[in-house]
Every structure is written in C-alpha cells, then in structure tokens.
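J.: For reference, the structure I am asking about is given below.
In the UniProt record's numbering, the protein residues as written are 1 to 108.
And the structure:
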C-alpha cells in the first residue's frame, strides 16, 4: 500500500521536477550570455593604483573613496600626492605604476 502511494506520487511529481530543472537551466544560460555580452572592461591601472592606496576611504584627498581617487589620479596626474594617510610612500608606489616622477616638495 505504501509502496503504491510512493510510486503514484513519483509518477505525478517527476514532470514538475523536470520542468523546474529545465527552467533553471534556461535562466542560467540567459544569465551566462548576458554576463558575457554586458561585461564592463576595467582599466587594469585603476586596480593597480587602488591596490597601492591605503583603502581607508577617508576622503582626505577630496574624493569619496580610494577607487574614485585612483580614477582621478589616472585622469589627472597632478593629483598625485593628495592621499595624506598614504603619504610619500603611497605617492611613490602610484608614481611607479603610472611611470611618473614624484615631486618631493609635495611632502613635508
């Protein structure tokens, strides 16, 4: 009796399971294609400069966070040295990444 009930349940439930599996696979495929087509390329220098910064997101440089400051320094190298928590050491690291010279007069 119990075995017959289990078999009947299995016979009625497997189509729903297969449909759910098919829908899940279809949505996964759509997400995979969308992630490939809509991929945003990031300048590797931004990531390198961001990694060289102290990542305190303190705003002392005048930007909301270290990533915004990294983008700004790449766009305008005159901003190099505005990171007061990092000081001269961080400015030197960033200058090496960007192939720039650091003006020592910027630092006390």
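Don't be surprised by glycine CBs; every beta carbon is placed ideally from N, CA and C.
On the premise that residue 100 lies in contact with residue 80, defined as a C-beta separation below 8 Å, what is that separation, rounded to the nearest angstrom?
T.: Rounded, the Cβ-Cβ distance is 6 Å, consistent with contact.
J.: To the nearest angstrom, report how far apart residue 65 and residue 11 are at their CA atoms.
T.: So the two alpha carbons sit approximately 58 Å from each other.
J.: One question on the structure: do residue 77 and residue 98 come within less than 8 Å of each other, judged by their Cβ atoms?
T.: It is a contact, given that the beta carbons lie within the stated cut-off.
J.: Measure from the C-beta of residue 94 to each C-beta in chain D and report whether the shortest distance is under 8 Å.
T.: The structure shown contains no chain D, having only a single protein chain.
J.: Shortest alpha-carbon distance to residue 47 belongs to which of 72, 6, 19?
T.: 72
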